[in-house]
Every structure is written in structure tokens, then in C-alpha cells.
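Notes for the one structure printed next.
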Amino acid sequence: MINFLTDDRVSELADMVRNRFGLNFSSERWKDLRSAVVRFQREDSSFKTPAECLEYILSPTVGTDDLEQFINRLTIGETFFFRDTNALRVLEYEILRKISGRGSGLNGAARIWSTACSTGEEPYTLAMICRRSGVSAEIFGTDIDSKALIKAREGCYRKWSFRSEDTGFRDIFFRKVGSNSFLLDSSIKRMVNLSRLNLMDASVPVALQDMDVILCRNVLMYFSSAGVNSVLDKLWDCLTPGGWLVATPSESGLLSSHGRFEPVNVGGVLLYRKNENYVPECRMDFDGFKFRDDFKTSFSSAAEQFDFNAQLESTPADFVDLKFPEPEIPVPEVESVPEPPVIPRAGNDGAALLKQAGEVRMHGDTLKAVSLYKEVVEHENPREIKAAAFLGIAGIKADSGLTDEAALWCAKALELDRVSPCAHFLLGQICFQQGDLSTALAHMRNAVFLDSEFIMAHFLLGNIYLEQNDSNGALRHFRISMQELDKMDQDDPVPCSDNVTAGRLMEMVRLVQQQLVQ
């Protein structure tokens with residue numbers, strides 16, 4: 001049935017979605033558009049066929065509410081409380097506490113905006129942080145998905161929203177209802193103003209002007225090249241002088257290409273500041289795409305320092321070895337949700353325990369996963385099995401924002417398996433998040449040396465080179481990323497990417513490439 005939607009009409013749909021909402025759907029992802037049309041048609045009995053539904057969506061008479069509901073099917077609202085606690089720690093202690101009483105809001109309140117808040121986990125996390133620190137704040141959350149905002153206003157969440165390893169805040173600010181749901185304290189909900197907003201609208205409401213902090217995490221990757229620049233220009237205008245923009249490391253390339261925000265390492269986290277006097281260094285040096293001399297490095301020198309047990313003939317340069325009372329909340333009627341399936345114990349078999357740990361981690365039980373990983377290393381198992389367990393713990397710590405602990409677990413993994421590209425990648429990712437670009441660069445080089453097809457390592461190398469103002473190096477690794485992504489099914493998640501699909505990552509890389517050569 002999907003095939004009855006012709007390429008010509010789907011192309012028009014992609015153009016409309018890009019022009020009106022800034023969302024980028026290249027031809028590789030037209031299948032997503034077709035699927036959204038089919039789902040919309042099935043839920044609306046007034047259309048007999050998907051083709052009829054598509055004609056209505058493209059017609060000048062399409063209702064605003066109907067178009068909004070269709071767009072809701074194209075956006076992804078995957079988030080959880082206290083995501084990236086390292087960035088949140090810096091926000092709380094280095095930014096918000098210092099702004100409190102001197103912010104742009106009423107009586108010096110800090111003004112904070114979560115630009116794509118989805119079901120509310122991010123702005124409510126900010127509210128809990130401000131409550132804990134005694135920070136006076138005006139917090140705003142916006143999203144294009146009206147259904148997600150309804151859930152945010154309800155403030156009722158399931159266990160999947162509490163994937164951070166530290167869930168102590170859940171006991172303070174939530175009350176359990178039903179078998180698998182938690183209701184947020186109404187006093188925290190009242191701290192957040194929620195509203196629907198299309199970031200591609202011509203103007204931003206006055207209420208969202210003069211912000212001290214804006215969070216725009218995992219948002220820019222969904223926009224077209226023009227959309228990225230338009231959104232970043234709006235966010236720039238909405239910040240007060242000296243205000244801060246928070247994005248993800250994977251989006252740093254888009255911010256570097258945009259060029260207006262000043263990258264600043266704050267407490268080991270890369271943030272972006274509105275500095276009207278900031279002038280980025282020229283990053284363009286296209287003399288045949290040759291590397292500049294200051295980035296030329298010989299890979300032979302490190303071979304004398306490290307022994308790969310004869311598994312490799314040579315090694316890369318810069319190979320690094322790093323030795324409150326319970327709230328009174330009325331209980332609503334909540335649909336009972338079954339607990340995650342009980343996974344049988346795997347005994348002391350290391351490989352089986354690793355598999356089991358991965359399964360319980362996927363269900364959000366990080367504490368149980370860590371326990372299983374530790375059980376692997378406490379018993380007699382092959383070195384590579386133990387190294388994988390150490391790396392599993394490192395990943396959980398990193399996901400929880402405990403980057404210093406994650407780095408230590410990565411180092412343990414590397415002690416057992418010096419040729420693990422994933423361990424070098426994760427350690428490089430941590431260093432990049434902390435603003436240590438030289439160490440991040442070394443680990444990412446190790447990762448791609450050990451696995452030349454490691455897509456995310458090439459992608460992050462491109463971002464690191466951008467931060468170092470080396471466009472040639474950035475373009476080289478972005479080009480390799482594209483070559484490897486082209487080998488994947490566009491709907492498959494890219495390994496080590498936090499479930500970003502190959503098609504979506506290709507669009508991100510393409511956007512950065514386009515901005516670099518403009």
C-alpha cells in the first residue's frame with residue numbers, strides 16, 4: 001500500500017515538511033514519510049487510501065490541527081530524567097548558582113528554556129535541580145509535538161524515564177502509582193511553563209526572549225542546513241549577552257559551522273556562549289584538501305612505546321594509556337503496566353552473563369546490569385570477556401553522566417584489551433565532552449586505526465578537527481563516515497550512536513559538509 005504513494009508526491013511532501021517545519025527528509029528517508037502517511041490514514045477513517053490522505057496533507061485546505069498531528073508522527077521524543085548528569089552538574093554549580101539572583105527574570109531569576117522538551121523530562125529535571133540548589137528560576141519547555149506536551153503536563157512517568165544510575169531524586173519528587181508508574185510532585189510541575197512551538201516559525205514568542213540558558217540537545221540533527229542556521233540564529237537572538245547554549249557533542253560540528261557561538265570549556269563540559277565579540281578563526285584551507293603541517297603526525301613513533309602482543313604490525317600516534325520530605329500528591333487512576341520480563345540467571349558463564357547484563361540494561365535496570373558485569377570480572381573468565389564487562393560498566397557510568405568514573409572503567413578495559421576500538425572510542429568521547437581535545441583526538445585515532453570502518457569514531461574525529469579549526473581533517477573523516485554509512489540500511493541504528501539511524505546521521509554529516517564548503 002505504501003508503494004502507491006508516488007515519488008513525485010512524496011518529494012513534494014518532503015519539500016513541504018522542510019519549508020514549513022525545517023525537518024529534513026532526504027530521498028533515503030522517504031520511507032519514513034510514507035509510513036507516517038499510512039499511520040495517519042489508518043487513524044482517520046475519513047480517508048479511504050493513503051494516497052487520498054497524502055493529497056489532503058498537501059492541499060491548501062489542510063487543517064492546522066491535522067497537519068500538526070501528522071508532523072507529530074515524524075518527530076522522535078526519546079528522553080529520560082537527569083540525562084547527561086555531567087552537563088547538568090556544570091549547569092547547576094557553575095552556571096545556575098552563579099546566575100541566581102542576577103538573572104534576566106523577575107527579581108533576578110534565571111531564565112531557562114528547554115527547546116525540545118518532548119514529554120517533559122528535561123525541563124522537570126532542571127526544575128528539580130533548581131529546587132535542590134535554591135535557585136530562583138523561570139523555566140520554559142517547548143516542543144512541536146502536542147501529544148508529548150499533554151503527557152508532560154500529566155507528569156506521570158514509567159520506569160523507562162528513570163534510566164540514570166542515580167534514582168534518588170525519584171524517591172523525593174515522585175510518588176509511585178500503579179505497578180510501574182511514578183507521579184511528579186505538583187510543585188515541580190508548577191515551576192515549568194509548557195507550550196507548543198515550531199522552531200521554524202517566523203518569530204519566537206516574547207516570553208522566550210532574554211534567556212540566560214537554552215538547552216537544545218539532540219535537536220539540530222533533524223533540521224535541514226538552512227533550518228539549522230535559522231534555529232541557531234533564533235536561539236542567539238533569544239539569549240542575553242553572555243547567555244549559554246547547551247548542545248550535545250555530536251552536534252558540535254553544526255555549531256562550529258554556524259560560527260556565532262563561542263565554545264567554552266566549563267568544568268570539563270563544552271558549552272556555547274553568546275559572546276558578541278567572538279570571531280571564530282578561519283577554518284578553511286582547501287589547498288587540495290591537504291593537511292596543514294601542524295597536524296601531520298607520524299604513526300611510527302608510538303610503535304616503540306606499546307606492545308600489541310604482535311596482533312598489529314604498527315600502532316597509531318598518540319596512543320594514550322590512562323592509568324526532601326515525601327510529597328503529598330493525589331493518586332490518579334493509572335493503567336497498570338506489567339513489569340519488565342524476568343530474565344533467568346546465567347550462572348557463572350562469562351559470555352552468558354554479558355548477554356544477560358546487556359538485556360537488563362536495555363530494560364533500564366542499570367543497577368542490576370552493573371551487578372552482573374561485576375560478577376563477570378570477579379570470576380575466572382577470558383581477558384576479552386572481562387574487558388567487555390568493564391566496558392559495559394563504563395558505558396552505564398557515561399550514560400549517567402559520571403564521566404570520571406566511566407574513564408576509570410575504560411582504563412580497566414584497556415588494561416585487559418589494549419586493542420579494543422570501543423574502549424578507545426568511549427574514552428575519546430568522554431574526553432571530548434570534557435573539552436580535552438588533544439586526548440580525545442588521540443583515542444579516536446586509536447579507534448579508527450584499530451577499526452577503520454568505525455563510523456562514529458570517524459564522525460567524532462570530524463567534530464574534533466572542527467573544534468581545532470582544521471576543516472581539511474574534518475572533511476576527510478566526514479567523507480569516510482559517509483562512505484561507511486552508505487553501506488548500511490538507512491533505518492538501522494549506527495553502533496555506538498545512542499540509536500541514531502544511518503539515514504539520520506548521513507543527513508547530519510551532509511549538513512556539516514555543506515556548511516563547510518559554502
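Anchor point for the sequence shown: position 162 equals 162 in the UniProt record's numbering, and the numbering is continuous, going up by one each time.
Even glycine gets a Cβ: it sits at the ideal position worked out from N, Cα and C.
Expressed to the nearest angstrom, what Euclidean distance is found between the alpha-carbon atoms of N229 and L255?
Roughly 9 Å separates the two Cα atoms.
Let me make sure I understand the geometry here. Which of K189, D145, D212, E55 has the alpha-carbon closest to that of S245?
The residue you asked about is not Ser; residue 245 is Leu in the sequence shown. Measuring from the Cα of L245, the nearest candidate turns out to be D212.
DSSP three-state label for C53, please.
Reduced to three states, the DSSP call for C53 is helix.
Assess contact between the region 388 to 396 and the region 361 to 377, defined as three or more Cβ pairs (one per stretch) separated by less than 8 Å. Is contact present?
Enough Cβ pairs lie closer than 8 Å, so yes.
Taking the C-alpha atoms as reference points, what is the distance between E484 and E453?
E484 and E453: Cα-Cα distance of roughly 6 Å.
According to DSSP, is A127 part of a helix, a strand, or is it coil?
The answer is helix: DSSP assigns A127 an H, G or I state.
Between which residues of its own chain and Q490 is the CB-CB distance below 8 Å, once the five residues before and five after are set aside?
If the five residues before and after Q490 are omitted, its C-beta is found closer than 8 Å to the C-beta atoms of E28, R29, K31, T501, A502, G503, M506, all from its own chain and listed in chain order.
Suppose contacts are defined by Cβ-Cβ distances below 8 Å. Is Q433 in contact with L220 by that definition?
No, the pair does not count as a contact, with Cβ atoms beyond the cut-off.
DSSP has R175 in a bridge; who is on the other side?
Beta-bridge partners assigned by DSSP to R175: L183.
Output yes if chain B places a C-beta closer than 8 Å to the C-beta of T403; else output no.
Absence of chain B from the displayed structure is noted, only one protein chain being present.
C-alpha distance - E359 paired with K368, whole-angstrom precision:
Each residue's Cα considered, the two are about 10 Å apart.
Under a three-way DSSP split, which group does Y278 fall into?
Assigned with DSSP and collapsed to three states, Y278 falls in coil, not helix or strand.
Does the pairing of the region 188 to 203 with the region 144 to 160 give three or more beta-carbon distances under 8 Å?
Judged by Cβ distances under 8 Å, the region 188 to 203 makes contact with the region 144 to 160, as three or more pairs qualify.
How long is the line joining the alpha carbons of A116 and N463, rounded to whole angstroms?
A116 and N463 have their C-alpha atoms spaced approximately 23 Å apart.
Below 8 Å on the Cβ atoms is my contact criterion, and I expect residue 523 with F21 to pass it. Report the Cβ-Cβ distance as a whole number of Å.
Only positions 1 to 518 of the chain appear in the structure, and residue 523 is not among them; the question remains open.
Is it the case that the CB of S400 approaches a heavy atom of the ligand MG more closely than 7 Å?
Here there are no bound small molecules, and the ligand MG is not part of this structure.
DSSP three-state label for E262, please.
In the structure shown, E262 sits in a strand (DSSP, three-state: E or B).
Can you tell me where the alpha helix (DSSP H) with G403 in it begins and where it stops?
What sits at residue 403 in the sequence shown is Thr, not Gly. Here the alpha helix (DSSP H) through T403 covers 403 to 416.
Output yes or no for whether 8 Å exceeds the beta carbon distance between F478 and Q513.
The Cβ atoms of F478 and Q513 lie closer than 8 Å to each other.
Looking at C-alpha atoms only, which residue of A14, V37, L215 is the closest neighbour of S118?
Nearest C-alpha to S118: L215.
Simplified DSSP assignment, three categories, for P380
The identity of residue 380 in the sequence shown is Glu, whereas the question assumes Pro. Of the three classes helix, strand and coil, the one that applies to E380 here is coil, per DSSP.
Taking the alpha carbon of N180 as the reference point, which residue from I188, R170, R383 has its own alpha carbon closest?
Each of I188, R170, R383 was checked against the Cα of N180, and the nearest Cα belongs to R170.
Below 6 Å CB to CB, which residues in the same chain sit around S252 once its five sequence neighbours on both sides are set aside?
Close CB contacts of S252 within its chain, under the 6 Å cut and outside five residues either way in sequence, are with N463 (chain order).
Return the residue from the list A442, L475, D399, L91 that minimises the CA-CA distance to F162.
Selected option, being the one with the closest Cα: D399.
Are C496 and M456 close, meaning C-beta to C-beta below 8 Å?
Here C496 is near M456, since their CB atoms are less than 8 Å apart.
Mind listing, in chain order, the continuous beta strand (DSSP E) runs of no fewer than 3 residues lying wholly within the region 432 to 514?
No beta strand (DSSP E) of 3 residues or more sits fully in the region 432 to 514.
Can you round the beta-carbon distance between L5 and R34 to whole angstroms, since I take them to be within the 8 Å contact cut?
About 5 Å separates the beta carbon of L5 from that of R34, a gap short enough to meet the 8 Å contact definition.
Whose CA, out of P382, A137, A87, M362, lies closest to the CA of A351?
Answer by Cα proximity: P382.
Quick one: Cα of Q209 to Cα of I139, how far?
Straight-line Cα distance between these residues: approximately 12 Å.
If we require 4 or more residues per run, which alpha helix (DSSP H) segments fall completely within the region 67 to 140?
Counting whole runs of 4 or more residues, the region 67 to 140 contains the alpha helix (DSSP H) stretches 85 to 90, 121 to 133.
Taking DSSP as the reference, what is the three-state secondary structure of P60?
Per DSSP, reduced to three states, the secondary structure at P60 is coil, with no helix or strand assignment.
Consult DSSP for N19 and reduce its assignment to one of helix, strand or coil.
DSSP places N19 in helix when its eight states are reduced to three.
Does DSSP put L430 in a helix, in a strand, or in coil?
In the sequence under discussion, the amino acid at residue 430 is Ile, which differs from the Leu named in the question. Assigned with DSSP and collapsed to three states, I430 falls in helix.
Using beta-carbon positions only, say whether G155 and K176 come within less than 8 Å of one another.
No; because the gap between Cβ atoms is not below 8 Å, this pair is not in contact.
In the structure shown, what three-state DSSP assignment does F223 receive?
The DSSP-derived three-state label of F223 is strand.
Under the three-state reduction of DSSP, which class applies to residue 521: helix, strand or coil?
In the structure as shown, the chain starts at 1 and stops at 518, and residue 521 therefore has no counterpart that could be examined.
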